[in-house]
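Notes to accompany the following structure.
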Amino acid sequence: MCYIETKETKRKDNINYHRGNYPVICEGLKLVNWDQLDNLDNLDDTWNAFVVTLQDNIQKHIPVNKASNVKSKRRPLDPLTLQAVRKKHQTWTKYLHCKTPEKKIKFREARNNATACLRSSK
1230 MCYIETKETK RKDNINYHRG NYPVICEGLK LVNWDQLDNL DNLDDTWNAF VVTLQDNIQK
1290 HIPVNKASNV KSKRRPLDPL TLQAVRKKHQ TWTKYLHCKT PEKKIKFREA RNNATACLRS
1350 SK
């Protein structure tokens, strides 16, 4: 028998800090007996107790975004489109170096050409 190893990519869930309930977290941290943590002999034990307390509050009051396993359906661009995009960037840098009306017109043409190529390649 032949066994094939498959590489499974597990995506991590992302913690959504923007939607966290921070007033409740502050109240939870106020309820902690900090004097008891100060009485621990070892600094590492104190730090670990603080980290556990903070992680418990984070788990309870900050939502998690589930990571999806859906891969992007983007296809690579064809060489003509890549050339048009490169030309657009080249004309833009030339225009930034010396802003003349002729270079602005060349950039606009290159930009419009790149946009048309990108839309047609889809």
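Residue numbering for the sequence shown follows the working numbering, starting at 1230 and increasing by one per position. Where a beta carbon is used, it is the ideal one built from N, C-alpha and C, also for glycine.
Which residue marks the beginning of the alpha helix (DSSP H) containing residue i, and which one marks its end?
i     : result
Y1324 : 1308-1326
T1344 : 1330-1350
V1253 : 1251-1259
Given a cut-off of 8 angstroms on the beta-carbon distance, is the pair residue i and residue j in contact?
i     : j     : result
V1293 : N1341 : no
N1277 : I1254 : no
H1290 : N1250 : yes
A1296 : K1241 : yes
Cα-Cα, which of the options is closest to residue i?
i     : options             : result
L1335 : K1316, Y1251, D1307 : Note that residue 1335 is Lys in the sequence shown, not Leu. Out of K1316, Y1251, D1307, K1316 has the C-alpha closest to the C-alpha of K1335.
P1305 : N1250, L1347, K1241 : L1347
W1321 : D1307, A1343, H1247 : A1343
S1350 : D1307, E1331, Y1324 : D1307
Helix, strand or coil for residue i per DSSP?
i     : result
V1281 : helix
I1244 : strand
N1262 : coil
N1271 : coil
State buried or exposed for residue i, treating a residue as buried only when at least 16 other CB atoms are found within 10 Å of its CB.
i     : result
A1313 : buried
T1366 : Nothing can be reported for residue 1366, as the shown portion of the chain is limited to 1230 through 1351.
A1339 : buried
With a threshold of 7 angstroms (Cβ to nearest heavy atom), would residue i be considered close to the ligand FMN?
i     : result
N1294 : The ligand FMN is absent from the structure shown, which contains no ligand whatsoever.
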